[in-house]
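Written below as structure tokens is the structure these notes are about.
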Amino acid sequence: MADHNELGILGEKIAAAYLREEGYTILEQNYRYAKAEIDIIAEKEEGFIVVLEVKTRNSAFFGDPQTFVTPGKIKQLVKAANEYMVSNALDCEVRFDIIAILKNKTDQQLEHFKNAFYHF
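Here it is, written out as structure tokens:
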């Protein structure tokens with residue numbers, strides 16, 4: 102497996118552990134629909150779904166991790182989130198968050214951006 106894939110998997114594990122510590126319940130990880138994938142779907146309060154995109158980098162040299170969530174990625178996340186809500190017959194609020202992680206041999210930083218973007 103390529104190093105960047107391993108870093109991404111590690112980042113998702115770090116993000117999931119953080120969310121659990123913060124009182125979130127993880128409903129799904131790596132939810133796929135068509136060509137879209139949602140890294141984590143969680144719930145903190147009943148009737149409120151949080152869709153999370155996790156971006157992990159080993160350096161901010163080329164930019165902060167959250168800046169790599171493109172408009173195309175947002176469109177795919179919204180499409181997959183809609184399918185998740187419909188296929189699970191859920192009628193509640195959806196929030197889109199980004200968890201940005203910088204992880205290397207000497208440092209680990211996590212930043213949680215709530216309501217990172219709106220889907221309309």
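First residue of the sequence shown? That's 102 in my numbering, and the numbers climb one at a time after it.
Glycine is no exception: its CB is placed at the ideal position from the N, C-alpha and C atoms.
With a cut-off of 8 Å on the beta carbons, I'd call residue i and residue j a contact; round off their distance for me.
i: residue 125; j: residue 156; result: Residue 125 to residue 156, Cβ: 18 Å. No contact.
Going by CA-CA distance only, name the one from the options that's closest to residue i.
i: residue 121; options: 183, 208, 151; result: 151
i: residue 107; options: 204, 217, 218, 210; result: 204
i: residue 170; options: 111, 117, 132, 214; result: 214
i: residue 216; options: 209, 202, 208, 197; result: 197
i: residue 135; options: 176, 210, 154; result: 176
i: residue 182; options: 167, 133, 173, 119; result: 133
Hey, is residue i's beta-carbon within less than 8 Å of any beta-carbon in chain B?
i: residue 200; result: Reference to chain B is not applicable here, since this structure consists of a single protein chain.
Only counting the same chain, and skipping five residues up and downstream in sequence, which positions put a Cβ closer than 8 Å to that of residue i?
i: residue 129; result: 139, 141, 142, 185
i: residue 191; result: 150, 185
Using only the alpha-carbon positions, how far apart do residue i and residue j sit?
i: residue 137; j: residue 178; result: 6 Å
i: residue 109; j: residue 200; result: 12 Å
i: residue 147; j: residue 189; result: 15 Å
i: residue 211; j: residue 153; result: 13 Å
i: residue 206; j: residue 172; result: 31 Å
i: residue 111; j: residue 193; result: 30 Å
i: residue 180; j: residue 208; result: 34 Å
According to DSSP, is residue i part of a helix, a strand, or is it coil?
i: residue 152; result: strand
i: residue 125; result: coil
i: residue 131; result: strand
i: residue 169; result: helix
i: residue 182; result: helix
In chain order, what residues of the same chain have a beta carbon less than 7 Å from the beta carbon of residue i, not counting five sequence neighbours either side?
i: residue 131; result: 138, 140
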